[in-house]
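Heads up: the sequence shown begins at 673 in our numbering, then just goes up one per residue.
This report concerns only the one structure given below.
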Amino acid sequence: MSKISNVLTMLEYLSSGKKYSIKELAEKLEVSPRMIRVYKDEIEKAGIYIDTIKGPYGGYVLNQNIRVPKRFITPKEIDGKNKDTYNLINRAIKEKRKCSIEYYSKDKETISKRIVHPYDLILIGNEWGVAAYCEKKEEIRHFYLNRIKTIKLLENFYN
(Lines of atoms letter the chains of each structure in order from A and count residues from 1; the text may use other names and numbers.)
(Lines give C-alpha, C1' and ligand atoms only; values in the text may rest on other atoms or scores of the structure.)
Protein backbone atom coordinates (compact mmCIF):
# COMPACT_ATOMS: atom_id res chain seq x y z
CA MET A 1 0.00 0.00 0.00
CA SER A 2 1.03 3.61 -0.44
CA LYS A 3 2.12 5.78 2.45
CA ILE A 4 -1.16 7.71 2.49
CA SER A 5 -3.18 4.46 2.46
CA ASN A 6 -1.16 3.15 5.37
CA VAL A 7 -1.59 6.39 7.33
CA LEU A 8 -5.37 6.31 6.79
CA THR A 9 -5.51 2.63 7.72
CA MET A 10 -3.50 3.32 10.87
CA LEU A 11 -5.90 6.14 11.77
CA GLU A 12 -8.82 3.80 11.14
CA TYR A 13 -7.39 1.24 13.58
CA LEU A 14 -6.61 3.87 16.22
CA SER A 15 -10.01 5.59 15.88
CA SER A 16 -11.59 2.50 17.48
CA GLY A 17 -10.16 3.76 20.79
CA LYS A 18 -8.16 0.56 21.30
CA LYS A 19 -4.48 0.69 22.23
CA TYR A 20 -2.16 -0.81 19.62
CA SER A 21 1.50 -1.61 20.11
CA ILE A 22 3.92 -0.48 17.43
CA LYS A 23 4.56 -4.14 16.64
CA GLU A 24 0.81 -4.85 16.17
CA LEU A 25 0.41 -1.89 13.82
CA ALA A 26 3.53 -2.85 11.88
CA GLU A 27 2.18 -6.39 11.38
CA LYS A 28 -1.28 -5.15 10.34
CA LEU A 29 0.16 -2.66 7.84
CA GLU A 30 2.99 -4.97 6.76
CA VAL A 31 5.69 -2.36 7.37
CA SER A 32 8.58 -1.96 9.79
CA PRO A 33 8.09 -0.56 13.32
CA ARG A 34 10.20 2.40 12.19
CA MET A 35 7.59 3.24 9.51
CA ILE A 36 4.84 3.22 12.16
CA ARG A 37 6.78 5.92 14.02
CA VAL A 38 7.12 7.89 10.75
CA TYR A 39 3.35 7.58 10.15
CA LYS A 40 2.67 8.79 13.70
CA ASP A 41 4.85 11.86 13.08
CA GLU A 42 3.04 12.56 9.79
CA ILE A 43 -0.37 12.27 11.47
CA GLU A 44 0.73 14.63 14.23
CA LYS A 45 1.97 17.16 11.65
CA ALA A 46 -1.63 17.20 10.40
CA GLY A 47 -2.84 18.18 13.90
CA ILE A 48 -4.08 14.77 15.04
CA TYR A 49 -2.23 13.84 18.21
CA ILE A 50 -1.69 10.22 19.20
CA ASP A 51 -0.94 9.39 22.82
CA THR A 52 2.07 7.19 23.49
CA ILE A 53 1.89 4.80 26.42
CA LYS A 54 5.38 3.73 27.48
CA GLY A 55 6.42 0.42 28.96
CA PRO A 56 6.16 -3.26 28.09
CA TYR A 57 2.37 -3.03 27.68
CA GLY A 58 2.49 0.35 25.98
CA GLY A 59 1.47 1.47 22.56
CA TYR A 60 -0.43 4.14 20.70
CA VAL A 61 -3.94 5.28 21.46
CA LEU A 62 -6.03 8.01 19.85
CA ASN A 63 -8.05 10.04 22.33
CA GLN A 64 -9.86 12.13 19.71
CA ASN A 65 -12.93 11.49 17.61
CA ILE A 66 -11.55 11.25 14.10
CA ARG A 67 -13.75 10.20 11.20
CA VAL A 68 -11.75 8.24 8.69
CA PRO A 69 -13.25 7.75 5.23
CA LYS A 70 -14.48 4.20 4.80
CA ARG A 71 -13.09 2.26 1.85
CA PHE A 72 -16.30 0.51 0.94
CA ILE A 73 -17.86 3.83 -0.03
CA THR A 74 -17.13 4.50 -3.66
CA PRO A 75 -18.13 8.02 -4.60
CA LYS A 76 -18.37 9.07 -8.20
CA GLU A 77 -15.16 10.50 -9.60
CA ILE A 78 -14.86 14.24 -9.01
CA ASP A 79 -14.40 16.13 -12.27
CA GLY A 80 -11.98 19.05 -12.65
CA LYS A 81 -14.44 21.83 -11.74
CA ASN A 82 -15.74 19.94 -8.73
CA LYS A 83 -12.19 19.27 -7.52
CA ASP A 84 -11.62 23.01 -7.27
CA THR A 85 -14.93 23.38 -5.42
CA TYR A 86 -14.03 20.44 -3.15
CA ASN A 87 -10.62 21.95 -2.33
CA LEU A 88 -12.08 25.41 -1.71
CA ILE A 89 -14.75 24.02 0.62
CA ASN A 90 -12.11 21.97 2.43
CA ARG A 91 -10.11 25.15 2.97
CA ALA A 92 -13.20 27.01 4.19
CA ILE A 93 -13.92 24.22 6.70
CA LYS A 94 -10.36 24.28 8.05
CA GLU A 95 -10.29 28.08 8.31
CA LYS A 96 -13.97 28.35 9.45
CA ARG A 97 -14.73 30.85 6.68
CA LYS A 98 -18.04 31.64 5.07
CA CYS A 99 -18.60 31.03 1.37
CA SER A 100 -20.80 32.69 -1.17
CA ILE A 101 -22.30 30.16 -3.60
CA GLU A 102 -24.58 30.16 -6.59
CA TYR A 103 -26.54 26.93 -6.40
CA TYR A 104 -28.63 25.25 -9.09
CA SER A 105 -32.11 24.09 -8.19
CA LYS A 106 -32.86 20.38 -8.49
CA ASP A 107 -34.14 20.81 -12.05
CA LYS A 108 -31.13 23.07 -12.82
CA GLU A 109 -33.45 25.80 -14.14
CA THR A 110 -33.04 28.36 -11.39
CA ILE A 111 -30.02 29.55 -9.46
CA SER A 112 -30.09 30.83 -5.89
CA LYS A 113 -27.37 32.84 -4.18
CA ARG A 114 -26.47 31.71 -0.68
CA ILE A 115 -24.02 32.51 2.09
CA VAL A 116 -23.04 29.26 3.77
CA HIS A 117 -20.86 28.14 6.68
CA PRO A 118 -19.37 24.80 5.51
CA TYR A 119 -18.97 22.22 8.30
CA ASP A 120 -18.09 18.96 6.57
CA LEU A 121 -17.68 17.31 3.19
CA ILE A 122 -20.06 14.36 2.98
CA LEU A 123 -21.29 11.69 0.64
CA ILE A 124 -24.94 11.96 -0.33
CA GLY A 125 -25.63 8.62 -1.94
CA ASN A 126 -22.52 8.36 -4.09
CA GLU A 127 -22.25 12.10 -4.82
CA TRP A 128 -20.01 14.52 -2.94
CA GLY A 129 -21.74 17.23 -0.99
CA VAL A 130 -21.19 19.69 1.82
CA ALA A 131 -23.10 20.04 5.08
CA ALA A 132 -23.34 23.75 5.76
CA TYR A 133 -25.38 26.31 7.66
CA CYS A 134 -27.35 28.35 5.13
CA GLU A 135 -27.94 31.96 6.16
CA LYS A 136 -30.88 32.29 3.73
CA LYS A 137 -32.79 29.28 5.17
CA GLU A 138 -31.34 29.74 8.69
CA GLU A 139 -30.65 26.03 9.08
CA ILE A 140 -28.13 23.34 8.18
CA ARG A 141 -28.53 22.16 4.62
CA HIS A 142 -26.77 19.70 2.32
CA PHE A 143 -25.48 20.97 -1.00
CA TYR A 144 -24.33 18.74 -3.88
CA LEU A 145 -20.95 19.85 -5.25
CA ASN A 146 -22.07 19.24 -8.83
CA ARG A 147 -24.92 21.76 -8.36
CA ILE A 148 -22.67 24.58 -7.11
CA LYS A 149 -22.26 26.90 -10.10
CA THR A 150 -19.81 29.31 -8.45
CA ILE A 151 -18.16 29.49 -5.07
CA LYS A 152 -16.21 32.30 -3.45
CA LEU A 153 -14.35 32.16 -0.16
CA LEU A 154 -15.33 35.15 1.98
CA GLU A 155 -13.18 37.03 4.47
CA ASN A 156 -15.85 36.52 7.16
CA PHE A 157 -15.35 33.79 9.74
CA TYR A 158 -17.93 31.80 11.70
CA ASN A 159 -17.83 30.05 15.08
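Idealized CB from N, CA, C, for every residue including glycine.
Expected contact under 8 Å - CB spacing of residue i and residue j to nearest Å
| i | j | result |
| --- | --- | --- |
| lysine 770 | tyrosine 830 | 6 Å |
Whole-angstrom distance between residue j and residue i, CA atom to CA atom
| i | j | result |
| --- | --- | --- |
| serine 693 | glycine 730 | 6 Å |
| serine 674 | glutamate 810 | 43 Å |
| isoleucine 676 | asparagine 818 | 26 Å |
| isoleucine 820 | proline 790 | 13 Å |
| glycine 719 | isoleucine 773 | 29 Å |
| lysine 691 | glutamate 699 | 15 Å |
| isoleucine 759 | proline 728 | For the record, residue 759 in the displayed sequence is asparagine; it is not isoleucine. Spanning the two alpha carbons is a distance of roughly 43 Å. |
| tryptophan 800 | asparagine 754 | 9 Å |
Coarse secondary structure for residue i, derived from DSSP in three states
| i | result |
| --- | --- |
| valine 663 | Only positions 673 to 831 of the chain appear in this structure, which leaves residue 663 out of reach. |
| lysine 768 | coil |
| tyrosine 685 | helix |
| serine 784 | strand |
| asparagine 828 | strand |
| aspartate 779 | coil |
Cutoff 7 Å; reference residue i; Cβ partners in own chain excluding five residues on either side
| i | result |
| --- | --- |
| valine 703 | Asn678 |
| cysteine 806 | Arg786, Val788, Arg813 |
Chain-order list of residues whose beta-carbon lies under 8 Å from that of residue i (same chain, five-residue window excluded)
| i | result |
| --- | --- |
| threonine 757 | Leu817, Ile820, Ile823 |
| leucine 734 | Leu683, Leu686, Ser687, Gly689, Ile720, Ile722, Asp723 |
| lysine 780 | Arg819 |
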